[in-house]
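Numbering (our numbering), first residue to last: 237 to 491.
As structure tokens, this is what we get:
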């Protein structure tokens, strides 16, 4: 029996934490909006059969920050899994700095919940559930377990010729781990959304025998449009873009 089913780690919450405006209220070049607010829906597949859905969203808040969220809902045989992740981040040009990260999981097996807030200027992270603060020597480009997806997209917009990206991610334990993405070619793929030309990247976690492939569509401002994960030569899941609102997001040009 399947004990757990990994979920699409691009990942969006349907819960709104603050009132949001469609675009950031900034005018200077350093804070130029490179990715307009959007909502994307995905179909989750296992062995070519639909087992659930996912959504990814970005909104700009009245307090000058941005909310990036990911939601998944999987039903497969007797297994169920619903997850919500939300990052509140500060955006400065193409730089993403996380300020808080919230995770909730319900379904078959143990439920999980945790929330962290980050004070990167003072190198502290607070576990809000346990009300404990931890000192961490944050690197300048620190990310949380969700915000690095947004940072990766912004990096591709700014540096489309780059073949490798490394993201130091603070985990739920407060430890740091580097996530490495390697360029793996270009492909034209058919999705529920339609036919798109993509750039493909690969992330390999050798100790877990897990490989994740992700595809980004330049015509959709490098939105993640497909994700495929394999563990020990066995397919875990695949996510494919179904729709996006607004339907034709503008492509930002780095200056």
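Think of the CB as a built atom: it goes at the ideal place given N, C-alpha and C, for glycine as much as any other residue.
Beta-carbon proximity of residue i to residue j, cut-off 7 Å
{"i": "residue 425", "j": "residue 447", "result": "no"}
{"i": "residue 417", "j": "residue 437", "result": "yes"}
{"i": "residue 330", "j": "residue 270", "result": "yes"}
{"i": "residue 273", "j": "residue 292", "result": "no"}
{"i": "residue 323", "j": "residue 337", "result": "yes"}
{"i": "residue 429", "j": "residue 399", "result": "no"}
{"i": "residue 318", "j": "residue 300", "result": "no"}
{"i": "residue 463", "j": "residue 450", "result": "yes"}
{"i": "residue 321", "j": "residue 382", "result": "yes"}
Reference residue i; option with closest CA among the options
{"i": "residue 404", "options": "421, 384, 423", "result": "384"}
{"i": "residue 313", "options": "427, 409, 287", "result": "287"}
{"i": "residue 481", "options": "392, 459, 435", "result": "459"}
{"i": "residue 506", "options": "431, 369, 394, 299", "result": "No information on residue 506 is available, as it lies outside the stretch 237 to 491 that the chain covers here."}
{"i": "residue 296", "options": "326, 371, 394", "result": "326"}
{"i": "residue 457", "options": "386, 346, 354", "result": "386"}
{"i": "residue 379", "options": "355, 395, 400", "result": "355"}
{"i": "residue 412", "options": "284, 442, 444, 376", "result": "376"}
{"i": "residue 333", "options": "444, 421, 406, 423", "result": "406"}
Helix, strand or coil at residue i according to DSSP, with G and I counted as helix
{"i": "residue 477", "result": "strand"}
{"i": "residue 297", "result": "strand"}
{"i": "residue 506", "result": "In the structure as shown, the chain starts at 237 and stops at 491, and residue 506 therefore has no counterpart that could be examined."}
{"i": "residue 351", "result": "strand"}
{"i": "residue 383", "result": "helix"}
Segment contact, 8 Å Cβ cut-off, at least three pairs: the segment 301-317 with the segment 353-360: no
Exercise for the section: Ignoring anything shorter than 3 residues or poking outside the segment 412-467, list the beta strand (DSSP E) runs there in chain order. Expected result: Unbroken beta strand (DSSP E) runs of no fewer than 3 residues, entirely contained in the segment 412-467, are found at 412-426, 431-441, 446-453, 459-467, following chain order.
Notebook entry, point to check: Is there contact here, the segment 362-380 with the segment 344-351, by at least three beta-carbon pairs under 8 Å?
Noted result: yes
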